[in-house]
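Participant: Residue numbers (the working numbering): 534 to 850.
I have a structure here, written as structure tokens, and I will follow up with some questions on it.
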Ligand code: MN
Ligand code: MN
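Structural data, given as structure tokens:
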């Protein structure tokens, strides 16, 4: 198969030159003809505390200019294996939450309708809910979720159901996720009340707290994660605050005691073999970042995801 979409050659145009796109890929107007569509979701209307993730996509594009063509461990060359491009940012509405969610759902639905896998760069974690509404329209999917937070709270500020602390509760209520095929990894930090995670556990969500991860290690945890999601369609959501704030300070809700960047890379590589139907990297908030470190981490995790997604696309053919 002819795969003409390639990165701009860094030996011809230096990485710092030109208009920034994800991974220095071509920018296309739609996902038509693509296997994987990368896009930004510059929206943080669900953020309850420190806003700024709306600026994430632009900074991740900038730092992603550092990504080369080939994965140094797996040898995967995603741009040679599948057709992938940057399709720009989804339409958003920064002053209307309901309209913002609808626009994001429509944007991801267009990617799905084109037959491409969505790889979104947020944006706060509420953006994953409309993405799931688009991806899981016809059947519930499984979820591998890296985060410091479970994001399964019920309501905030009275009875507001839509914040970046609630997307996975809503997704289960809406039948978008099969809770028995949901695994959350890296959960930690102070909580609002002792039973904060009870609802999630009652649904059948497997929560792997950071302490259990530290005791068992990436290989064992990801073997369990793969068995939880099994062979069915699975979404992967990576909240950058799962990583320790010493390595990823640019995020709205930092929690110390998190993954190292290397542990995160190792875990994403171990998603290998899963039927991935979409993925995102969320909560990169450049106003809190230092030297572009968090945006670089987000870009590199996106490259890791892209490599396992490319293998997933090829597996399905
Ligand atoms: Mn989150
Ligand atoms: Mn989080």
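Beta carbons: idealized from backbone N, C-alpha and C, even for Gly.
Assuming residue 596 and residue 843 make a contact with CB atoms under 8 Å, what is their CB distance in whole Å?
Facilitator: Position 63 of the chain shown, counted from the start, is the residue given in the question as residue 596. Position 310 of the chain shown, counted from the start, is the residue given in the question as residue 843. Not really, about 21 Å apart at Cβ, beyond 8 Å.
Participant: Is it the case that the Cβ atoms of residue 633 and residue 626 are separated by a distance below 7 Å?
Facilitator: Indexing the chain shown from 1 puts residue 633 at position 100. Indexing the chain shown from 1 puts residue 626 at position 93. The answer is yes: Cβ separation under 7 Å.
Participant: Looking only at its own chain, which residues have a Cβ that is under 7 Å from the Cβ of residue 805, when we skip the five neighbours before and after it?
Facilitator: Taking the chain shown and counting its residues from 1, one reaches residue 805 at position 272. So the qualifying residues of the chain are 841, 844.
Participant: If you measure between the beta carbons of residue 766 and residue 674, is that distance less than 7 Å?
Facilitator: In the chain shown, residue 766 corresponds to position 233, counting from 1. In the chain shown, residue 674 corresponds to position 141, counting from 1. A contact, by the Cβ cut-off of 7 Å.
Participant: Exposed or buried, what is residue 768 when buried is set at 16 or more other beta-carbons lying within 10 Å of its beta-carbon?
Facilitator: Residue numbering aside, residue 768 sits at position 235 when the chain shown is read from its first letter. That one is buried.
Participant: If I follow the unbroken alpha helix (DSSP H) through residue 632, where does it start and stop?
Facilitator: Start at 1 with the first residue of the chain shown, and residue 632 comes out as number 99. Counting along the chain, the alpha helix (DSSP H) containing residue 632 begins and ends at 630-646.
Participant: Relative to the alpha-carbon of residue 561, which residue among 582, 539, 548 has its alpha-carbon at the smallest distance?
Facilitator: In the chain shown, the residue the question calls residue 561 occupies position 28. Closest option to residue 561, Cα to Cα, is 539.
Participant: Residue 808: which of 617, 832, 714 sits nearest, CA to CA?
Facilitator: As a working mapping, residue 808 is identified with position 275 in the chain shown. Ranking 617, 832, 714 by Cα distance to residue 808 puts 714 first.
Participant: Mind checking whether residue 677 and residue 617 have CB atoms under 7 Å apart?
Facilitator: Residue numbering aside, residue 677 sits at position 144 when the chain shown is read from its first letter. Residue numbering aside, residue 617 sits at position 84 when the chain shown is read from its first letter. In this structure, residue 617 does not lie closer than 7 Å to residue 677 by Cβ.
Participant: What residue from 719, 554, 698, 581 has the CA that sits closest to residue 758's CA?
Facilitator: In the chain shown, residue 758 corresponds to position 225, counting from 1. The residue with the shortest Cα to Cα distance from residue 758 is 719.
Participant: Going straight from the alpha carbon of residue 791 to that of residue 815, what length do you get?
Facilitator: Taking the first residue of the chain shown as position 1, residue 791 is located at position 258. Taking the first residue of the chain shown as position 1, residue 815 is located at position 282. Roughly 16 Å between the two C-alpha positions.
Participant: Considering only residues of the region 554-608, which uninterrupted beta strand (DSSP E) runs meet the minimum length of 3 residues and lie entirely inside it, listed in chain order?
Facilitator: 569-574
Participant: For residue 730, is the beta carbon positioned less than 6 Å from some heavy atom of ligand 2?
Facilitator: Position 197 of the chain shown, counted from the start, is the residue given in the question as residue 730. Every heavy atom of ligand 2 is 6 Å or more from the Cβ of residue 730, so no.
Participant: I'd like to confirm something about residue 813: is its beta-carbon nearer than 6 Å to some heavy atom of ligand 1, or not?
Facilitator: Counted from its first residue, the chain shown places residue 813 at position 280. At a cut-off of 6 Å, the beta-carbon of residue 813 does not count as near ligand 1: no heavy atom of the ligand is closer than that.
Participant: Keeping to the same chain, check which residues put their C-beta closer than 8 Å to that of residue 745; ignore five residues upstream and five downstream.
Facilitator: Taking the first residue of the chain shown as 1, we reach residue 745 at position 212. 754, listed in sequence order.
Participant: Ends of the beta strand (DSSP E) at residue 653?
Facilitator: Position 120 of the chain shown, counted from the start, is the residue given in the question as residue 653. Its beta strand (DSSP E) spans residues 650-655.
Participant: For the region 685-703 and the region 794-803, state whether three or more C-beta atom pairs, one from each stretch, are separated by less than 8 Å.
Facilitator: no
Participant: Count the other CB atoms, across all protein chains shown, that sit within 10 Å of the CB of residue 725; report buried if there are 16 or more and exposed otherwise.
Facilitator: Numbered from 1 along the chain shown, position 192 holds the residue referred to as residue 725. The residue is exposed, with fewer than 16 neighbouring Cβ atoms inside 10 Å.
Participant: Taking only the alpha-carbon atoms, compute the straight-line gap between residue 556 and residue 598 and give it to the nearest angstrom.
Facilitator: As a working mapping, residue 556 is identified with position 23 in the chain shown. As a working mapping, residue 598 is identified with position 65 in the chain shown. Distance between the alpha carbons of residue 556 and residue 598: 5 Å.
Participant: As a quick exercise: from 691, 739, 696, 619, pick the residue whose alpha carbon is nearest that of residue 565.
Facilitator: Reading the chain shown from its first residue, position 32 is the one you call residue 565. Selected option, being the one with the closest Cα: 619.
Participant: Name the DSSP bridge partner or partners of residue 770?
Facilitator: Against the chain shown, residue 770 aligns to sequence position 237. Bridge partners of residue 770: 678, 813.
Participant: Do residue 681 and residue 788 have their beta-carbon atoms positioned less than 7 Å apart in this structure?
Facilitator: In the chain shown, counting from the first residue as 1, residue 788 sits at position 255. In the chain shown, counting from the first residue as 1, residue 681 sits at position 148. A contact, by the Cβ cut-off of 7 Å.
Participant: By the 10 Å Cβ neighbour count, where 16 or more other Cβ atoms means buried, how is residue 605 classified, buried or exposed?
Facilitator: As a first step, residue 605 must be located in the chain shown, where it is residue number 72. Residue 605 should be labelled exposed.
Participant: Roughly how many angstroms lie between the CA atoms of residue 821 and residue 721, to the nearest whole one?
Facilitator: For the purposes of this step, residue 821 is taken as residue 288 along the chain shown, with counting starting at 1. For the purposes of this step, residue 721 is taken as residue 188 along the chain shown, with counting starting at 1. Taking the straight line from one Cα to the other gives about 20 Å.
Participant: Could you give the DSSP three-state label for residue 787: helix, strand or coil?
Facilitator: Walking along the chain shown from the start, residue 787 turns up at place 254. Looking at residue 787 - three-state DSSP - the assignment turns out to be coil, as it is neither helix nor strand.
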